[in-house]
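Undergrad: Numbering (our numbering), first residue to last: 664 to 966. Have a look at this one before I ask anything.
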Amino acid sequence: MARANGKVILLGEHAVVYGVPAIAAGIERGVLASAQPADSSSLRIGERYARAADESELGRAFAALLAALDAPRLAVQACLELPPGSGLGASAALGVAIARAVLSASGCEPDAARVQAAAAAWEGVYHGNPSGIDAAAAAHDGCLWFDRQSGPQPIVLRRDLVLAIGLADPPASTKLMVEGVARLRERRPEVVDKALEGIRALVANAKLCLEAGDLPGLGSLMNYNQMLLSGLFVSTEGIERCCALARDAGALGAKLTGAGGGGAVIALCDGTAQAILAAWQGAGIDCFGSSVRARAAEVSVAK
Ligand code: PMV
């Protein structure tokens, strides 16, 4: 059985599309996939089914992935442990897990560069201009610095990160949210470029905080990042409310993660996620905790 991580973006989403660095961390919830030789290529993800030759988005993404791997005919099954479209990297995790399963069923080594290329082909169907951060985080454990020019670099954490992840609002389309920022940039380049430069400075400082174990500093930078994302019109009332509840319950920082327009909020916790998860549950927000460990750069999840 092949696997891939879901992810959170600690800082830098949207800006990363324009070449600004971002910081992501893998979470343990992700995707499992397996593949067997078959007469024709097909993909089943829970209730969803597509053939590689069909015209559905899923069918086209699957066909693009198989073509990138020059794969034989395979029946692939995948199981999602993440809510799709919520900024937790479900789509990229599917691409990475399916690519790994396809390579293994084809008798090939799960070569990292081939997996990345296949996941990029998959992502390209869903999302016109993917930065690649989701696919990189899906394929690596721990915390990553990512930019479009140099790709992923591991960040060595001084302290564990304890995160609370809340599903603030129904999911939104990453493609539409990225297109919305692109349109805003065409109309108001000076406003968007200023926000992008602000995010660049926050991300650079966040790396120093992660390396020094300065979690209050990291939390403040996440709060500023949320303000700049609101200025790009990718936040929602539900996201703002979820962030406010987390901060009131003691979070060091809180922000949306991923494309926004709905989906998930992450809160950086001071030691334990309990108070924040309780506050969210009290407000009817579906949530779970996740840790990114400093030592082994491993991840663990608790409901
Ligand atoms: O797929 P999501 O919702 O986790 O968003 C990915 C992050 C963006 O920066 C918004 C898009 C990208 O390709 O980097």
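Even for Gly, the Cβ is constructed at its ideal location relative to N, Cα and C.
Tell me which same chain residues have a C-beta within less than 8 Å of the C-beta of Pro747, skipping the five on either side of it?
TA: If we look at Pro747 and ignore the five residues flanking it on each side, its Cβ neighbours are Ala753, Ser754, Pro834.
Undergrad: Is any non-hydrogen atom of the ligand PMV found closer than 7 Å to the C-beta of His677, if you look at the structure I gave you?
TA: His677: yes, Cβ under 7 Å from the ligand PMV.
Undergrad: Does the beta carbon of Gly921 fall short of 7 Å from some heavy atom of the ligand PMV?
TA: It does: the Cβ of Gly921 is within 7 Å (strictly closer) of some heavy atom of the ligand PMV.
Undergrad: Indicate whether the contact test is met: 3 or more Cβ pairs, each with one atom in the stretch 919-929 and one in the stretch 887-904, closer than 8 Å.
TA: Short answer: they touch.
Undergrad: Restricting to Cα atoms, I'd like to know which of Ala756, Val739, Gly787 is closest to Ser767.
TA: Among Ala756, Val739, Gly787, the Cα nearest to that of Ser767 belongs to Val739.
Undergrad: Do Ser794 and Val680 have their CB atoms nearer than 8 Å?
TA: In this structure, Val680 lies closer than 8 Å to Ser794 by Cβ.
Undergrad: Beta-carbon within less than 6 Å of Leu674's beta-carbon, same chain only, minus the 5 sequence neighbours each way: which residues are those?
TA: Within the same chain, Leu674 has close Cβ partners Ile686, Leu865, Val866, Ala869, Asn888.
Undergrad: For Ser836, I'd like the list of residues in its chain whose CB is within less than 6 Å of its CB, leaving aside the five on either flank, ordered along the chain.
TA: Here the set comprises nothing.
Undergrad: Just curious, the beta strand (DSSP E) that Pro815 is in, first and last residue?
TA: From DSSP, the beta strand (DSSP E) with Pro815 extends over 814-817.
Undergrad: Quick check: is any heavy atom of the ligand PMV less than 7 Å from the C-beta of Val680?
TA: Checking every heavy atom of the ligand PMV against the Cβ of Val680, one is found closer than 7 Å.
Undergrad: Considering only C-alpha positions, which residue in the set Arg850, Leu915, Leu891 is nearest to Leu878?
TA: The shortest C-alpha separation from Leu878 is found at Leu915.
Undergrad: On the DSSP letters alone, give me the boundaries of the beta strand (DSSP E) that Gly682 sits inside.
TA: It is not in any beta strand (DSSP E) - Gly682 carries neither H nor E in the DSSP assignment.
Undergrad: For Ala738, does the three-state DSSP call read helix, strand or coil?
TA: Correct three-state label for Ala738: strand.
Undergrad: Compute the Euclidean distance between the alpha carbons of Gly805 and Ala688, then round it to the nearest angstrom.
TA: The alpha-carbon atoms of Gly805 and Ala688 are separated by roughly 5 Å.
Undergrad: Enumerate in chain order the residues of its own chain whose CB-to-CB distance from Ala960 is below 6 Å, with the five nearest sequence positions on each side excluded.
TA: Confidence is the limiting factor: at Ala960 the pLDDT is only 43, short of 50, which leaves the residue's position unreliable, though a coordinate-based value still follows. Within the same chain, Ala960 has close Cβ partners Asp804, Gly805.
Undergrad: Alpha carbon to alpha carbon, what distance is there between Gly952 and Leu826?
TA: Straight-line Cα distance between these residues: approximately 6 Å.
Undergrad: Exposed or buried, Ser705, counting other C-beta atoms within 10 Å across all chains shown (16 or more means buried)?
TA: Counting Cβ neighbours within 10 Å, Ser705 comes out buried, since at least 16 surround it.
Undergrad: Work out the CA separation of Ala756 and Ser883 for me, nearest whole Å.
TA: Approximately 29 Å, taken between the alpha carbons.
Undergrad: For Ala696 and Ile761, what's the separation of their Cα atoms in angstroms?
TA: When rounded, the distance between both Cα atoms is 6 Å.
Undergrad: With a CB to CB cut of under 6 Å and the five nearest residues on each side skipped, what residues in its chain are close to Gly880?
TA: Same-chain partners within the cutoff: Cys872.
Undergrad: Could you spell out where the beta strand (DSSP E) holding Ala930 opens and where it closes?
TA: Note, Ala930: beta strand (DSSP E), 926-931.
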